[in-house]
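Trainee: I have a structure here, written as structure tokens, and I will follow up with some questions on it.
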Amino acid sequence: MPLFGRKKNDEALRHVPEVAVLPEPPAPGPDGLRTLDQHRDYLLGCVEELMPFGQHVLDSLGLSICEDVVSDLDLPRFDNSAMDGYAVRAADVQYATDLRPVRLPVVGEVPAGGAAPHRLSPGTVMKIMTGAPVPGDADAIVPYEATDRGSADVTVTVPSTVGQHIRRRGEDVAEGETILAAGSRIGVRDVGLLTAVGIDKVMVRPRPRVVVISTGSELVDPGLPLSPEQIYDSNSYLIAAAAKDAGAQVFRVGHVGDDPAALKQLVYDQLVRADLIVTTGGVSQGDYDIVKAVLPELGATDFAGVAMQPGKPQGFGLIGEDRTPIVMLPGNPVSAFVSFEAFVRPVIRKLMGITPYVRPGVRATAAHAMSSVRGRTQLARGVVTSDETGARSVELVGGHGSHLLGDLAKADALVVLPADVDFVAAGTELEVWPLDQPR
Ligand SMILES: Nc1nc2c(c(=O)[nH]1)N[C@H]1C(S)=C(S)[C@@H](COP(=O)(O)OP(=O)(O)OC[C@H]3O[C@@H](n4cnc5c(N)ncnc54)[C@H](O)[C@@H]3O)O[C@H]1N2
Ligand code: MOO
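Okay, here's the thing in structure tokens:
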């Protein structure tokens, strides 16, 4: 059943937009496969950053800003007190001690938010609260603790120096200063700074709306009973969680059975709210691998073998009237996850304008010998440890099987075993992709 009010008919579903043409895909190697880097770069070349728009500053957390932000204000805005106490002329109290206290009349009071008098006469003081503007000609603040806290007169028993406990106008941020450069990602502390200079909206690239669909007639939603031949749909949750972690606004549609018409209708229905669609399953050689069969009817698609393990069968397309990108991942759960890290996360980062699109890996030495498959970049699951000097080593968790979700959950990194080796000796330096690093 269609999920949205948009009118649909068979005619629309039969229509493959004429504009839907993909750029020339990378040529496969002699083994018929393209490399991981070639495939990722191809996908990145097929998608564009989302258009920026003005967003409330709190909703912009984690998003990429598309303008330089210049402060219209000095911070602090005016000279103000760092202490509750008395605004004084430092010269009047520079020699005050317990033995030689200085007594001065209190001629007024400045609360935070109160206007400061233009002038403090010599030989007088004013009560002042933290954050209140410093009266003209006052050049030091005497905290309550250095006085008898008097109201009409005050006795000062500690000497003061010029500038003491005064926060100077513009000493933190100067008017005209660039506080955030275009292309930066807005962090928690940026939200504090932006609002401190009075900015409530910023131009940012939005969170991509990512629709996640899993395919397979064997799938059942978690929480429901299973018959003996069924399994729970974990992929749609795993990929939805990963997309959320990457910064997307996720719509987890859930699973659809191996029914071509139902899949086509479902994907078509979702186009209205998708900046990116991610499916899992149905891209291999099986008799029921319907994604591969159906998606070309909705736009231009590219199904290819990538020289990686897991994650060899991959699909991509630009579908529907808006040429919405769709990434079609293999169904084995570890394959789907690894493919997400290799291809979908960079695509999401590009849509969001977050650079680098590909998160850089780190180096770690192999803690033990590792076997691999020559001709395929292996993305094995590993655990990284660091010694007291910060040097990292990595050991593998579990086997290479792309069904080993338990092992995947124990891992905290993907270990890149290069395509040109079938064996890695202990102590070899390897690239690893940390999984639990900040977005
Ligand atoms: N004759 C060949 N068979 C297969 C090949 C091949 O080259 N020739 N490639 C294998 C590889 S590698 C992979 S990866 C898989 C990919 O297959 P599909 O993308 O078509 O995925 P499915 O067949 O739908 O499922 C594979 C596997 O994963 C389980 N699965 C699927 N969806 C979910 C889900 N949402 N939650 C949990 N588990 C899921 C499914 O039950 C299967 O066990 O093809 C190989 N075969
Ligand atoms: O290449 Mo498949 O993705 O190993 O399991």
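Numbering (our numbering), first residue to last: 93 to 531.
The beta carbon of each residue, even a glycine, is placed where N, CA and C say it ideally should be.
(1) Using DSSP with H/G/I as helix, E/B as strand and the rest coil, what is V364?
(2) Measuring only the C-alpha atoms, how far is L509 from I258?
(3) Can you look up M175 in the DSSP assignment and give me helix, strand or coil?
(4) Relative to the C-alpha of P251, which residue among D231, I271, V199, Q186 is closest?
(5) According to DSSP, simplified to helix, strand and coil, what is T253?
(6) Answer yes or no: do S306 and G349 have a C-beta to C-beta separation smaller than 8 Å?
(7) In three-state DSSP terms, what is E237?
(8) State buried or exposed for F429, treating a residue as buried only when at least 16 other CB atoms are found within 10 Å of its CB.
(9) Would you say the beta carbon of G403 is closer than 7 Å to some non-hydrogen atom of ligand 2?
(10) Which residues mark the beginning and the end of the alpha helix (DSSP H) in which F429 is found?
(11) Going by the DSSP bridge assignment, what does P417 pair with across the sheet?
(12) Leaving aside the five residues before and after F515 along the sequence, list all residues of the same chain whose C-beta is less than 6 Å from its C-beta, in chain order.
(13) Alpha carbon to alpha carbon, what distance is there between R126 and F395?
(14) DSSP three-state call for E487: helix, strand or coil?
(15) With I278 and V289 assumed to form a contact (beta carbons below 8 Å), what rounded beta-carbon distance in angstroms separates them?
(16) Given the structure, does P422 come close to ligand 2, in the sense that its CB is under 7 Å from one of the ligand's heavy atoms?
(17) Cβ of S326 within 7 Å of any heavy atom in ligand 2?
(18) Tell me, please, whether the segment 150–158 touches the segment 280–296 by the rule of three or more beta-carbon pairs shorter than 8 Å.
(19) May I ask you to check if the CB of Q470 is nearer than 7 Å to at least one heavy atom of ligand 1?
(20) Below 7 Å, is the gap between the Cβ of S427 and the nearest heavy atom of ligand 2?
(21) Take the Cβ of H492 as the centre, count every other Cβ of all protein chains shown within 10 Å, and call the residue buried at 16 or more, exposed below.
(22) Jot down the residue ranges of each uninterrupted alpha helix (DSSP H) in the segment 437–481, minimum 4 residues, whole runs only, in chain order.
(23) For P118, which residues in the same chain have their Cβ closer than 6 Å to its Cβ, ignoring the five residues on either side in sequence?
(24) Grouping DSSP H, G and I as helix and E and B as strand, with all else coil, what is E389?
(25) Please name the residue in A230, V312, G467, T247 whose C-alpha comes closest to that of E237.
(26) Confirm, please, whether the CB-CB distance from K336 to E389 is below 8 Å.
(27) Can you tell me which residues form a DSSP beta bridge with V398?
(28) For a quick check, are the C-beta atoms of A274 and R437 less than 8 Å apart?
(29) Residues bridged to V296 by DSSP?
(30) Would you check whether ligand 1 has a heavy atom nearer than 7 Å to the C-beta of S464?
(31) For G474, verify whether its CB is less than 7 Å away from any heavy atom of ligand 1.
(32) Relative to ligand 1, is the shortest distance from any of its heavy atoms to the C-beta of H492 smaller than 7 Å?
(33) Hey, which unbroken runs of the beta strand (DSSP E) at 3 residues or more fall wholly within the segment 301–345?
(34) Could you pull the start and end residues of the beta strand (DSSP E) that D381 belongs to?
(35) Pop quiz: Q406 and S431 are said to be a contact at Cβ under 8 Å. What is the actual Cβ separation, rounded to whole angstroms?
(36) Hey, would you say V476 sits closer than 8 Å to D504, going by beta carbons?
Mentor: Per the coordinate set shown:
(1) helix
(2) 59 Å
(3) coil
(4) Q186
(5) coil
(6) no
(7) helix
(8) buried
(9) yes
(10) 425–431
(11) L410
(12) S463
(13) 11 Å
(14) strand
(15) Wrong, their Cβ atoms sit about 14 Å apart, outside the cutoff.
(16) yes
(17) no
(18) yes
(19) no
(20) yes
(21) buried
(22) 437–444
(23) R126, Q130, Y134
(24) helix
(25) T247
(26) no
(27) R126
(28) no
(29) F145, I157
(30) no
(31) no
(32) no
(33) 301–307
(34) Careful: D381 lies outside any beta strand (DSSP E) and carries neither H nor E.
(35) 7 Å
(36) yes
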